[in-house]
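Novice: Mind having a look at this structure? Questions to follow.
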Amino acid sequence: MADFECYPLWVRDESRGDEIHENTSPHSSWIGLSDELATALNHWADEFDATLDPDDPKESGFRSQEDWSRFVRRGRELAERVSGEMGEEWSVLYFDDLERKSYRIS
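The sequence shown: position 98 = 97 (numbering that gives the first Met the number 0), numbered continuously.
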């Protein structure tokens, strides 16, 4: 999930309930993502951050709906790659900002 000035990964410990989330760097060694994927995730987050207008946050966002849709689709592709690298012991969810809901990838 993209959020301004945050890492692109949020980790939830289901044993502690749905409300516990930790914003985590994709380069964290305990996650174990490849450097290439971790870098791609950070670039994706940087693309989102570049749309922030700190002087008028309400005016933040992508220049067109097409750019926004492309960004969301790219996020879904990255989530699928995360799922492939994390293995079956992890559940991967992706929040689709266009549809405003979460999807279970694995």
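For every residue, glycine included, the Cβ atom is placed at its ideal position computed from N, Cα and C.
Identify whether R103 lies in helix, strand or coil by the three-state DSSP scheme.
Specialist: Strand.
Novice: Hey, W9 and H26 are a contact pair by Cβ (cut 8 Å); roughly how many whole angstroms apart?
Specialist: About 15 Å; that fails the 8 Å criterion.
Novice: Measuring only the C-alpha atoms, how far is E65 from E76?
Specialist: Those two C-alpha atoms are separated by around 17 Å.
Novice: Grab the span of the beta strand (DSSP E) containing W29 for me, first residue to last.
Specialist: Per DSSP, W29 belongs to no beta strand (DSSP E) and is neither H nor E.
Novice: Under the DSSP definition of a beta bridge, which residues are partnered with F94?
Specialist: Partner(s): S101.
Novice: Please list, in chain order, all residues of the same chain as A39 whose beta carbon is under 7 Å from its beta carbon, the five residues on each side excluded.
Specialist: For A39, where only same-chain residues beyond five positions count, the Cβ hits under 7 Å are L77.
Novice: Is there at least one Cβ from chain D nearer than 8 Å to E79's Cβ?
Specialist: No chain D appears in this structure, which consists of one protein chain only.
Novice: Are R48 and E4 touching if we call contact CB-CB under 8 Å?
Specialist: Looking at the sequence provided, one finds Asp at residue 48 rather than Arg. The answer is yes: Cβ separation under 8 Å.
Novice: Less than 8 Å between the C-beta atoms of S90 and R80, yes or no?
Specialist: Contact flag unset, no.
Novice: So what does L8 bridge to, in DSSP terms?
Specialist: Per DSSP, T23.
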